[in-house]
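Quick notes on the structure that follows.
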Amino acid sequence: WEEGFSYFEKYVQEHGNALVSVSYKTRSGFKLGMWVDTQRQSIKKDKLNNNRIEKLDGLGFLLDPNKFKWEEGFLYLKKYVQENGNAKFSVSFKTKSGFKLGSWVDTQRQSIKNNKLSQEQVERLDVLGIDWDPLQTQWEEGFSNLEKYVQENGDANVPMNYKTVDDFNLGSWVSGRRLGKEKLTIEQKKRLDSLGFDWDPFATRWEE
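Quick note, the sequence shown lines up with residues 454 to 661 if you use the working numbering.
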């Protein structure tokens, strides 16, 4: 036990946290992740004495596995933001170590809808700039680019392969709104109509 604790203590000193993944091994091959998980199971079954529990608590040990998983995901998200300057990535995104960060963030979005996140968790995620509704954000980005196109060109007839200066695929976005017309809200349709949006360019050209 003392050997495992010394490795755990060293891990905390080096990483600044006690979030040891279950698969983690030290350089010498010690299965620290398994050791830490065993401590959680021992505490749950009341098989660990108070002295050892206090020593673990002193290093920020997390007994609740769900809380551990949340803190682990938050740590990966924080690191990503520090390295990339934003919290934008796909749902399928994985870190270099294989952590499914995209899936974790998506779970947080579902959790806030179901009121399963604490106010503290929401605030911590807000600080990192998490996008709670990426589909709405993408829609607003597309509309903003279309609005700019109309101002510059006098119409909303965007060619299929057209991209903006900052490489936004506006032609594809416009086509997607036509194909997904039934899924748009009444407000979204009205906003597109206000720009002179052509819902059926083929019919328009035929009539012309």
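Yeah, the Cβ is synthetic: ideal placement off N, Cα and C, and Gly gets one too.
Is the beta carbon of residue i sitting closer than 8 angstroms to the one on residue j?
| i | j | result |
| --- | --- | --- |
| L648 | E600 | yes |
| T558 | L530 | Here residue 558 turns out to be Val, not Thr, going by the sequence shown. Yes, Cβ-Cβ distance for V558 and L530 is below 8 angstroms. |
| S597 | M613 | no |
| W585 | I565 | yes |
| Q561 | L578 | yes |
| L512 | V465 | yes |
| K410 | K553 | Look at the range of the chain in this structure, 454 to 661, and you will see that residue 410 is not part of it. |
| N470 | L516 | no |
Can you name, in chain order, every residue of its own chain whose Cβ lies under 7 angstroms from the Cβ of residue i, other than the five neighbours on each side?
| i | result |
| --- | --- |
| L509 | Q492 |
| V475 | G486, M487 and D490 |
| W652 | R631 and K634 |
| L645 | R630 |
| W626 | G595 |
| N539 | G582 |
| E507 | none |
| F521 | L472 and L515 |
| L570 | Q561 and S564 |
In chain order, what residues of the same chain have a beta carbon less than 8 angstroms from the beta carbon of residue i, not counting five sequence neighbours either side?
| i | result |
| --- | --- |
| V603 | A609, L648 and G649 |
| W523 | Q574 |
| Y460 | T479, F483, L485 and W488 |
| E660 | none |
Go ahead and pull the three-state DSSP assignment for residue i.
| i | result |
| --- | --- |
| T617 | coil |
| V489 | helix |
| T657 | helix |
| Y602 | helix |
| F483 | coil |
| N537 | helix |
| F521 | helix |
| I506 | helix |
| V627 | helix |
| T548 | coil |
| A595 | Before going further, note that residue 595 is Gly rather than Ala in the sequence given. Helix, per DSSP. |
| P587 | helix |
| W557 | helix |
| L581 | coil |
With a 10 Å radius around its C-beta and 16 neighbouring C-beta atoms as the bar for buried, classify residue i as buried or exposed.
| i | result |
| --- | --- |
| Q494 | exposed |
| G595 | buried |
| V611 | buried |
| F514 | buried |
| F655 | exposed |
| L623 | buried |
To which residues of the same chain is residue i closer than 6 angstroms at the C-beta, ignoring the five residues directly before and after it?
| i | result |
| --- | --- |
| S543 | G555 |
| K484 | K478 |
| G526 | W557 |
| V534 | A540 and L581 |
Within 8 angstroms (strictly less), CB to CB, does residue i reach chain B?
| i | result |
| --- | --- |
| F458 | Here chain B cannot be found, since the structure has a single protein chain. |
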